[in-house]
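Chemist: Those letters in the sequence shown? Residues 16 to 144, by this note's numbering.
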Amino acid sequence: MTVALDTSSIIAFLGGDSGPDVFAVEWALDHSLAVIPPVVLSELLSDPTLSDDLRDLFRSLPLLGITDGYWERAGRLRAQILKTGKRARLADSLIAQSCIDHEVALVTRDKDFRHFAKESLLKVFDGAF
């Protein structure tokens, strides 16, 4: 079972936090089952204080590919969420669409992804393995 890791859970894991998402990050990394959406890689590499070791680690993780029609589907997904009056950040929409396209669950502690799970096929890790 491959799982996609969100920036929020990776940062919590690296910071020594606890929680089901941190456990899932550790488990996925230990079992070589972690993948990351391209937007997550961009977010992680945006930290100007990031060490070379972490930069290399992040770049070594398998990346979910961009499939044909991705940008249009991501726009429609975001519009679907916004239409309900819920929050839908552009980066979150792109991350959600990557996971939907590849049929992988997203490990995250960002509560905004629950809107995508309710309105689409996104599977969000909820602490149960």
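For every residue, glycine included, the Cβ atom is placed at its ideal position computed from N, Cα and C.
1) Report the option in Leu105, Val37, Trp86, Gly31 whose CA atom is closest to the CA atom of Val18.
2) Hey, Ala111 and Phe140: beta-carbon distance below 7 Å or not?
3) According to DSSP, is Ala27 helix, strand or coil?
4) Taking all protein chains shown into account, decide if Ala94 is buried (16 or more other Cβ within 10 angstroms of its Cβ) or exposed.
5) Taking the alpha carbon of Ala103 as the point to measure from, which residue in Arg129, Ala39, Glu118 has its own alpha carbon closest?
6) Going by the C-beta, is Phe131 closer than 6 Å to any heavy atom of the ligand FAD?
7) So Leu20 is in the beta strand (DSSP E); what residue range does that whole segment cover?
8) What is the rounded straight-line gap between the Cα of Tyr85 and the Cα of His117?
9) Which residue comes first and which comes last in the beta strand (DSSP E) that contains Ala120?
10) How big is the Cα-Cα spacing for Ile25 and Asp71?
Modeler: Reading from the atomic positions:
1) For this step, residue 18 is matched to residue 3 along the sequence shown. Among Leu105, Val37, Trp86, Gly31, the Cα nearest to that of Val18 belongs to Val37.
2) In the sequence shown, counting from the first residue as 1, residue 111 sits at position 96. In the sequence shown, counting from the first residue as 1, residue 140 sits at position 125. In this structure, Phe140 does not lie closer than 7 Å to Ala111 by Cβ.
3) By 1-based counting over the sequence shown, the position of residue 27 is 12. Of the three classes helix, strand and coil, the one that applies to Ala27 here is helix, per DSSP.
4) Walking along the sequence shown from the start, residue 94 turns up at place 79. That one is exposed.
5) The residue labelled residue 103 in the question sits at position 88 within the sequence shown. With distances taken between Cα atoms, Ala103 lies closest to Arg129.
6) By its list of ligands, the structure shown contains no ligand whatsoever, and the ligand FAD lies outside what it can speak to.
7) Walking along the sequence shown from the start, residue 20 turns up at place 5. Note, Leu20: beta strand (DSSP E), 18 to 20.
8) Residue mapping note: residue 85 aligns to position 70 of the sequence shown, counting from 1. Residue mapping note: residue 117 aligns to position 102 of the sequence shown, counting from 1. So the alpha carbons of these two residues sit roughly 11 Å apart.
9) Position 105 of the sequence shown, counted from the start, is the residue given in the question as residue 120. That run of the beta strand (DSSP E) goes 120 to 122.
10) For the purposes of this step, residue 25 is taken as residue 10 along the sequence shown, with counting starting at 1. For the purposes of this step, residue 71 is taken as residue 56 along the sequence shown, with counting starting at 1. Computed Cα separation, rounded: 14 Å.
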